[in-house]
Structure formats: structure tokens, C-alpha cells
Amino acid sequence: GGGANKQHVATKNTAKLDRETEELKHETVPLDLGKLIQQGRATKNMSQKDLAT
2 GGGANKQHVA
12 TKNTAKLDRE
22 TEELKHETVP
32 LDLGKLIQQG
42 RATKNMSQKD
52 LAT
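Shown next, in the form of C-alpha cells:
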């Protein structure tokens with residue numbers, strides 16, 4: 002019965018993760034560009050969802 006606890010299987014990867022120093026961030030748009038997009042949407046009566054689809 003019962004499922005085995007697999008929480009500790011990944012311990013061999015922790016040293017590799019510790020050596021990983023690259024910062025993982027996605028690119029963000031400047032605040033003023035975000036505001037321009039927002040204003041453009043407003044003039045066309047589009048929601049964020051409309052813009053995304």
C-alpha cells in the first residue's frame with residue numbers, strides 16, 4: 002500500500018543548483034511603455050484579455 006515519499010530523490014541536484022549563479026529573470030517592458038500600451042488599449046476599448054488573444 003501507500004505511495005513512497007519521493008521528496009528526497011532530488012538531493013543530488015542541489016549542489017548543481019548551488020553552483021547556478023545566473024539570474025533567471027524574464028524581460029520586462031519599461032513602465033512608460035506599459036502606460037502607452039494601456040492608453041492604446043483604452044482608446045480602442047480593449048481589455049488586457051482582448052489584447053492577449
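For what it's worth, the working numbering labels the leading residue of the sequence shown as 2, then goes sequentially.
We put the CB at the ideal spot given by N, CA and C, even for glycine.
Check, Outcome
"Contact set for E53: own chain, Cβ-Cβ below 6 Å, skip 5 residues either direction", "Before going on, a small fix: residue 53 reads as Ala here, not Glu. Nothing listed; no residue qualifies."
"Limits of the alpha helix (DSSP H) - the one that K50 falls within", "Q49 to A53"
"Unbroken alpha helix (DSSP H) run spanning T44, endpoints", "L32 to T44"
"C-beta contact flag for R42 and D33 at 9 Å", "no"
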